[in-house]
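Asker:
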Amino acid sequence: MLLEIDDITLHYGRIQALHGISLHVNEGEVVALIGANGAGKSTIMRAISGLRAVSSGAIRFNGEDISKVRADLRVARGICQAPEGRGVFPGMSVQENLEMGAYIRRDSAAIAQDMERVFGLFPRLLERRKQAGGTLSGGEQQMLAVGRALMARPKLLLLDEPSMGLAPMIIQQIFTIITEINQQGTTVLLVEQNAQQALSRAHRAYVLETGNIVKEGTGADLLHDPAVKAAYLGVA
Amino acid sequence: MTTETVKKQRWKLNLRDRFQDMPKPARIAAMVVFVVLLYLLPTKAFYENLGFPIPMGSGYLPLYTTGSDMAGVLFQCGYYILLALGLNVVLGYAGLLDLGFFGFFAVGAYTVALLTSPESKLITEYNWLESPWPWLLTVPIAIALAMLSGVLLGWPTLRLRGDYLAIVTLGFAEIIRIVAKNQDWILNGDRGIPSVGHPPGTWPDGEPIFELEFTPYYWLVLTVIIGVIFLIRNLANSRVGRAWVAIREDEDAAELMGVPTFKFKLWAFAIGAAIGGLSGSLWAGQANFVNSATFSLENSILVLAAVLLGGAGSIGGAILGGFLVIYLPEWLRSVGDVFGWPTQVQVGNIHIDVSPTSLRFVIFGALLIVVMIYRPQGLWPNRRRAAELKDRQKEVAPVE
């Protein structure tokens, strides 16, 4: 088990956002978290990457409890998140953004190699190499955010709503690349509102409602689950 | 218009690019000449030999200088430029709004005063020191103490985001001023500390270099500025500098890239504070007398105005801004003298002070508003910051 979340709770001030969440991600998997707005999907991501401290429970990565480890040190352990809303550095060029992704690394030859790999995955980024991150389109920014997270060579890639605000065709593209990244050996945990795409791409998935996990199963199972269909796939 | 012609025009307009296209020896030579001219700025020879007309009699033509106290004004510009450079690290690089930056200046100045003055209570009452220290020895201590106060102030506050820092730093500067004003046991309140030490050195004829004459102080501060510029430039281009940019642009994303954000914010704060303390120790070395009246809040605001006016995140901008906020009112005054601008107007039986010096905040207020409307990135902007600003404007009013 690469990542194991054991009964975590988390509070924003007095409001409890997570009510005892447990889930796990095996090495080599794509796992999806789906749920409505405010269900706590992004909060789980923030807890894993360390932007938010959990109130109780454990987050084990490769067997080690990292729930008290600082966010920047979790990156060094192999967890890297492409933040929600893309979070590219607007004043840095595409290349500088990617270099920032490799901030914790010092092996410049391998970094250059990885950058070529990212440009291979996202040829659009190569075209825009010198352009400032803030001037890219939404889809390009998402590509940059994913590519930048890859530059850290994560063992576990966290993607927070990679399809948010994108046109259907671009969403398709992004998900194809996520599958490709996974096949190249990176484990992926992704949060999505676009349940259709997420479930058809994921090995396993969890359904989240108001801070609780209400269902789990393989992507295909949940895709055909009547309750999930009704609630998240817009099919009665 | 094709992109090619746009590029060409931009190339023509952009002095920085043209400078960088020059061969390296030419660039160095140009810099050396420029620096030498800077050193000559307060001397009369500069104006005579460069063909500036000098009016009959003595003194300088006030249309481009500030009259006979030119060196003094330039020295004041100098330590404000240092302050602006320091705040630029905090605000321009790391994006932290520090409203009480002058507090570090006060820490530096008081440290020098307490250690170098024979009338310091450390000597006269507490017997901590046997005799006053030489000025030069106290400068590193002033820098270290300013840095320490920066760390102590930043430690609890830099974990928070947004406006908290602005409020706490504002409070810090005011606390220093008020404590200095009201307590008696060491800083001596309004009576202050007299006979503060000067920098060392004597002319060949045995006269001390640093006395009442301002020109050597200007040379000293100019030299320090050049050193600080080199230091900051190297920092900005290092891993530390890139981390600062990332923190400023998106702190969450920076953290997710593995940047220890708190540590680097604290560094920015400490380095900025150190430069502020250095500035204060230089000022104290000249001032001879240090009391609480020097450290009013408007100084902090003036430094902030300097950085924003010049262009946050840009060394050139900080220098330009620091220079303008001091030089402009002085220059306006001397120009005002020439054209007979009144220092007071009388409305009924109320006398209103309208001298440029006392109106400077009105002038800066107006100037800042104009600059922020037409050139929000500052007069000499940092390219990256200009791009960030555009991005933020897009967020406020999306352009489709």
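Chains as they are written, first to last, in the numbering used here: chain A, 4 to 239; chain B, 812 to 1211. C-beta atoms are modelled at their ideal positions from N, C-alpha and C, and glycine is treated no differently.
1. What does the Cβ neighbour count give for Gln-280 (chain A), buried or exposed, with the cut at 16 atoms within 10 Å?
2. For Pro-93 (chain A), would you say it is in contact with chain B, using Cβ-to-Cβ distances shorter than 7 Å as the test?
3. Give the residues of chain A in contact with Asp-1202 (chain B), contact being defined as C-beta atoms less than 9 Å apart.
4. Thinking Arg-207 (chain A) and Glu-32 (chain A) are a contact (beta carbons under 8 Å), I'd like their distance in whole angstroms, please.
5. List, in chain order, every chain B residue whose beta-carbon is nearer than 8 Å to that of Gly-90 (chain A).
6. Taking Lys-983 (chain B) as the reference, which of B:Gln-1155, B:Ile-1184, B:Ser-1107 has the closest Cα?
7. So Thr-221 (chain A) is in the beta strand (DSSP E); what residue range does that whole segment cover?
8. Helix, strand or coil: which one does DSSP assign to Gly-1133 (chain B)?
9. When we look at the beta-carbon of Ile-177 (chain A) and count the other beta-carbons within 10 Å, is it buried (16 or more) or exposed?
10. Chain B partners of Glu-107 (chain A), CB-CB under 9 Å?
11. Should Pro-86 (chain A) go down as buried or exposed, given a rule of 16 or more other Cβ atoms within 10 Å for buried?
12. In chain order, what residues of the same chain lie with their CB nearer than 7 Å to the CB of Ser-45 (chain A), ignoring the 5 residues before and after it?
13. With a CB to CB cut of under 8 Å and the five nearest residues on each side skipped, what residues in its chain are close to Glu-1066 (chain B)?
14. Verify the CB distance criterion: does Gln-145 (chain A) have a CB-CB separation below 7 Å to chain B?
15. Indicate the three-state DSSP secondary structure (helix, strand or coil) for Leu-1101 (chain B) in the structure shown.
16. Within 10 Å of its beta-carbon, does Asp-117 (chain A) have 16 or more other beta-carbons around it, so buried, or fewer, so exposed?
17. On the three-state DSSP scale, how would you describe Leu-225 (chain A)?
18. Reducing DSSP to helix, strand and coil, say where Ala-85 (chain A) ends up.
19. Does Val-194 (chain A) come within less than 7 Å of chain B when only Cβ atoms are used?
20. Ile-934 (chain B) to Leu-925 (chain B), Cα distance in whole Å?
21. In three-state DSSP terms, what is Ala-837 (chain B)?
22. For Gly-1096 (chain B) versus Phe-916 (chain B), is the C-beta distance shorter than 7 Å?
23. For the region 28 to 55 of chain A, enumerate the residues whose C-beta is nearer than 7 Å to any C-beta of chain B, in chain order.
24. Listing by chain order, which chain B residues have their CB less than 9 Å from the CB of Pro-86 (chain A)?
25. So, does the CB of Gly-870 (chain B) fall closer than 7 Å to a CB anywhere in chain A?
26. Report the three-state DSSP secondary structure of Gly-1176 (chain B) (helix, strand or coil).
27. Using a Cβ-Cβ cutoff of less than 6 Å, which residues in the same chain neighbour Val-918 (chain B) once the five nearest sequence positions on both sides are dropped?
28. For a cutoff of 7 Å on Cβ pairs, would you count Arg-829 (chain B) as touching chain A?
29. Between which two residues does the beta strand (DSSP E) harbouring Glu-195 (chain A) extend?
30. Residues of chain A with CB under 9 Å from Val-1056 (chain B), in chain order?
31. Rounded to whole angstroms, what is the Cα-Cα separation between Gln-756 (chain B) and Ala-837 (chain B)?
32. Given this structure, state the Cα-to-Cα distance separating Phe-1150 (chain B) from Leu-1139 (chain B), to the nearest angstrom.
33. Any C-beta of chain A sitting closer than 7 Å to the C-beta of Ala-1123 (chain B)?
34. Alpha carbon to alpha carbon, how far is Gly-906 (chain B) from Gly-1133 (chain B)?
35. Could you tell me which residues DSSP puts in a beta bridge with Glu-212 (chain A)?
36. Count the other CB atoms within 10 Å of the CB of Thr-922 (chain B); is the residue buried (16 or more) or exposed (fewer)?
Answerer: So, from the data block:
1. As shown, chain A starts at 4 and ends at 239. That puts residue 280 (chain A) outside it, with no answer to give.
2. Yes, its Cβ sits closer than 7 Å to a Cβ of chain B.
3. Ordered by position in chain A, the residues that pass the 9 Å Cβ test against Asp-1202 (chain B) are Pro-93, Gly-94, Ala-135, Gly-136, Gly-137, Thr-138.
4. Taking C-beta atoms under 8 Å as the contact rule, Arg-207 (chain A) and Glu-32 (chain A) qualify, at a distance of about 6 Å.
5. Ordered by position in chain B, the residues that pass the 8 Å Cβ test against Gly-90 (chain A) are Asp-1061, Asp-1063, Ala-1064, Leu-1067.
6. According to the sequence provided, residue 983 (chain B) is Phe. The question's Lys does not apply to it. If we check each option's Cα against that of Phe-983 (chain B), B:Ser-1107 comes out closest.
7. Per DSSP, Thr-221 (chain A) belongs to the beta strand (DSSP E) from 215 to 221.
8. Assigned with DSSP and collapsed to three states, Gly-1133 (chain B) falls in helix.
9. Within 10 angstroms of the beta-carbon of Ile-177 (chain A) lie 16 or more other beta-carbons, which makes it buried.
10. Here the sequence assigns Ile to residue 107 (chain A), which means Glu is not the residue at that position. Here the neighbours are Met-1068, Gly-1069, Val-1070.
11. It is buried - the Cβ of Pro-86 (chain A) has at least 16 other Cβ atoms within 10 Å.
12. Excluding residues within five positions, the ones whose Cβ falls inside 7 Å are Glu-87, Asp-163, Val-194.
13. Same-chain partners within the cutoff: Thr-1072.
14. Chain B, which has no Cβ nearer than 7 Å to the Cβ of Gln-145 (chain A), makes this no.
15. It should be noted that the sequence gives Val, not Leu, for residue 1101 (chain B). It is a strand residue.
16. Buried, by the Cβ-count rule.
17. If DSSP states are grouped into helix, strand and coil, Leu-225 (chain A) belongs with the helices.
18. In this structure, Ala-85 (chain A) counts as strand in the three-state DSSP scheme.
19. The Cβ of Val-194 (chain A) sits no closer than 7 Å to any Cβ of chain B.
20. Cα to Cα, Ile-934 (chain B) sits roughly 9 Å from Leu-925 (chain B).
21. If DSSP states are grouped into helix, strand and coil, Ala-837 (chain B) belongs with the helices.
22. Against a cut-off of 7 Å, the Cβ pair of Phe-916 (chain B) and Gly-1096 (chain B) comes out as no contact.
23. Of all residues in the region 28 to 55 of chain A, Ser-52, Leu-54 have a Cβ within less than 7 Å of some Cβ in chain B.
24. Chain B residues near Pro-86 (chain A): Asp-1061, Asp-1063, Ala-1064, Leu-1067.
25. Reliability of the predicted coordinates at Gly-870 (chain B) is poor, the pLDDT of 47 falling under 50, and no value is obtained from them.
26. Looking at Gly-1176 (chain B) - three-state DSSP - the assignment turns out to be helix.
27. Exclusion of the five residues before and after Val-918 (chain B) leaves Leu-956, Ala-957, Ser-960, Gly-1088 as the residues of its chain whose Cβ lies within less than 6 Å of its Cβ.
28. Not an interface residue.
29. Glu-195 (chain A) -> beta strand (DSSP E) spans 190 to 195.
30. Ordered by position in chain A, the residues that pass the 9 Å Cβ test against Val-1056 (chain B) are Phe-92, Gly-94, Met-95, Glu-99, Met-103.
31. A query on residue 756 (chain B) cannot be resolved here, the shown segment of chain B reaching from 812 to 1211 and no further.
32. Spanning the two alpha carbons is a distance of roughly 16 Å.
33. Chain A contact via Cβ: absent.
34. When rounded, the distance between both Cα atoms is 18 Å.
35. According to DSSP, which records beta bridges pairwise, Glu-212 (chain A) is partnered with A:Asn-215.
36. Around the beta carbon of Thr-922 (chain B), 16 or more other beta carbons lie within 10 angstroms, which makes this residue buried.
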